[in-house]
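Peer 1: Provided herewith is a single structure, encoded as structure tokens, for subsequent inquiry.
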Amino acid sequence: MKPVLAFDWNGTLLDDAHAMLQTTNAILAHFGHATIDMATLREHCDVPLSILYRSLGMSQQEIAAVDRDGSALFHDIYEPLAEKAVLRDGARGMLELAHREAALPIIVSNHIVAPLRTQLMRLGISDYIKDVLAFENRATQYKSMSKGERLRLYLQKNRLDPGCTFIIGDMPVEMDIARDLGLKSISITGGFVSDARLRAARPDYTISNHHELLPILQGHGFLRGV
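In my numbering, the protein residues as written are 20 to 245.
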């Protein structure tokens, strides 16, 4: 059986940590709060983003204002910045290889389907991604089905073996999903969360770039012919 490679998007395939930092700082400044550096973002970043804002000292009223109109304040700042972001080191080559070897690369994300697919087209990798599992629109973001439940139903519907499924992400939530569903977990550093927080999440493996993913897959008997 070919492996299922369930990639997170933001901070994992897309190198958008600086876009996230700029967006967070713009929101903080909008409400008169002090801005932060990357280390602080990585120490506090969590989903839903209301957890991040609360930990940075924003009031419930301010958080509600950010959440208004489908989080328009966030998206209006973030999306133009994300349009300039590139892929993480080794991501394109790994996706090309997975596609060529008939593995099953999918994206499991807390982002929104339409802008995510636009990014895939911009970056020239849409043909390498089998499916995108994400929120339907701004109104349902963080309010409808969780990414873990979305992935569970996808594996079930397509009769895919959790034991042959790897989830790759830059936040502790992916490690939690792996434990819940019986998947192999691979954390990638350099995204939205500090190395210490990733270690505390107890992933099965940790990589710093996507070049390091192939030996892990080969160690499980996959893609050995490349």
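Virtual Cβ for every residue (Gly too), placed ideally from N, Cα, C. Quick caveat, the model's predicted, so the values are computed rather than measured.
1. Are the segment 41-50 and the segment 203-217 in contact at 8 Å, needing three or more beta carbon pairs?
2. Leaving out five residues before and five after Q41 in sequence, what residues of the same chain have Cβ atoms less than 6 Å from its Cβ?
3. Rounded to the nearest angstrom, what separates Q80 and I196 at their Cα positions?
4. The alpha helix (DSSP H) with N44 in it runs from where to where?
5. Name the one or two DSSP bridge partners that N29 has.
6. Using a Cβ-Cβ cut-off of 6 Å (strictly less than) and excluding sequence neighbours within five positions of L242, which residues of its own chain qualify?
7. With DSSP as the reference, identify every bridge partner of S213, one or two as the case may be.
8. Indicate the three-state DSSP secondary structure (helix, strand or coil) for H130 in the structure shown.
9. Starting from G188, trace the beta strand (DSSP E) both ways and give me its first and last residue.
10. Sorted by chain position, which residues of the same chain lie with C-beta nearer than 7 Å to P181's C-beta, five sequence neighbours on each side aside?
11. Three or more C-beta pairs under 8 Å: does that hold for the segment 24-43 against the segment 117-134?
12. Could you pull the DSSP bridge partners for I55 from this structure?
13. DSSP three-state label for P124, please.
14. In angstroms with no decimal places, state the Cα-to-Cα distance between L253 and L114.
15. Please look up how many angstroms separate the CB atoms of L135 and V151, rounded, as I've assumed it's under 8 Å.
16. Can you tell me whether I82 is helix, strand or coil according to DSSP?
Peer 2: Per the coordinate set shown:
1. no
2. L100
3. Roughly 31 Å between the two C-alpha positions.
4. A36 to H49
5. L33
6. E120 and L236
7. Answer by DSSP bridge pairing: none, since S213 is not bridged.
8. strand
9. Where G188 is concerned, the enclosing beta strand (DSSP E) stretches over T184 to G188.
10. L174, L200, G201 and L202
11. yes
12. For I55, which the question treats as bridged, DSSP gives no partner whatsoever.
13. strand
14. Nothing about residue 253 can be reported from this structure: the residues present for the chain run from 20 to 245 only.
15. 6 Å
16. helix
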